[in-house]
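Visitor: Before we start, here is the structure in question, set down as structure tokens.
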Amino acid sequence: MKLQQFARSLKLPILLVILLGLTVCYGLFLQRKMGALRRLVTQTKQEEIIRGRLLRDLNQLEQEADRYRAYSLDTWIPLFKDSLQVRLFVLRYLSSLVSRYHGEGHDIEVSMGVKGSSGDVNYCDVTLKVKFKFYADMMELLRTLERRSPLFIVKEIGLNKEGSKIATEFKLVFAYRVKNEVEGKI
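Counted the way the working numbering counts, the sequence shown spans residues 2 to 187.
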């Protein structure tokens, strides 16, 4: 009897010890989970900082690219005040190229295309007739037109042999932009 009484009296403390042990184990489990969550929060904050830096760097790169695009557009497709300036530029530029590459008796016809709105890219058709003594000079002129700024697009090339000279006819397209004089905008 005493043994049963002793066993009954131990039941409650044993249950309390087991309950205390389970509580301690559960507390340790929660502590590990909280540690993992803290590490995850810290890692997330670090990733947010890195993403913020990357976003700033990306914005800076986009700004650099925009500046380059603007420079590139101005280089390849020049901006003029009006169509008269375009015509004069084309005549002077092509005349200087023809003389640089030893062309003779050149004729340049510029026909202005349809105008777009302010700042849009417009095109004019250009016919360049010139005679060359050497084929290499004609090829150098062609390379210059196709590879250097400002942009001239070669549509057609016609060649005829006239005595000791090569008569050529280039049909070109010149891309340009016109500045809006009233608003002062591109």
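Beta carbons are placed, not taken as given, at the ideal position from N, Cα and C, and that holds for glycine. All figures in this text were calculated on a predicted structure; none of them were measured in a lab.
Do V111 and R88 count as a contact pair if the criterion is CB distance below 7 Å?
Guide: Closer than 7 Å, so yes.
Visitor: Can you give me the C-alpha to C-alpha distance between L142 and S96, rounded to a whole angstrom?
Guide: If you take the alpha carbons of L142 and S96, they lie about 11 Å apart.
Visitor: Let me check one thing: in DSSP terms, what residues is R113 bridge-paired to?
Guide: This sequence places Met at residue 113; Arg is not what is there. In DSSP, M113 forms a bridge with C125.
Visitor: Could you spell out the range, first to last residue, of the alpha helix (DSSP H) harbouring R101?
Guide: From DSSP, the alpha helix (DSSP H) with R101 extends over S84 to R101.
Visitor: Helix, strand or coil: which one does DSSP assign to L152?
Guide: Coil, per DSSP.
Visitor: Tell me whether S109 is buried or exposed, calling it buried when 16 or more other Cβ atoms sit within 10 Å of its Cβ.
Guide: Going by the sequence as given, residue 109 is Ile instead of Ser. With 16 or more Cβ atoms within 10 Å of its Cβ, I109 is classed as buried.
Visitor: What is the rounded straight-line gap between the Cα of D126 and the Cα of M139?
Guide: In a straight line, the C-alpha of D126 is about 20 Å away from that of M139.
Visitor: Would V99 be called buried (16 or more neighbouring beta carbons within 10 Å of its own) or exposed?
Guide: The residue is buried, with at least 16 neighbouring Cβ atoms inside 10 Å.
Visitor: Determine the extent of the beta strand (DSSP E) in which I167 is found, giving its start and end residues.
Guide: Segment K166 to V179, the beta strand (DSSP E) holding I167.
Visitor: Thinking C-alpha only, which one of R178, L11 and F7 is nearest M113?
Guide: If we check each option's Cα against that of M113, R178 comes out closest.
Visitor: If I'm right that Y94 touches V174 with Cβ under 8 Å, what's the distance once you round it to whole angstroms?
Guide: At roughly 14 Å, the Cβ-Cβ gap does not stay under 8 Å, so Y94 and V174 are not in contact.
Visitor: I need the straight-line Cα distance from R57 to G104, nearest angstrom please.
Guide: In a straight line, the C-alpha of R57 is about 53 Å away from that of G104.
Visitor: Can you tell me whether DSSP reads I19 as helix, strand or coil?
Guide: Looking at I19 - three-state DSSP - the assignment turns out to be helix.
Visitor: With distances taken Cα to Cα, identify the nearest neighbour of T76 among L55, F153, T43 and L17.
Guide: Residue F153 is the option with its Cα nearest to T76.
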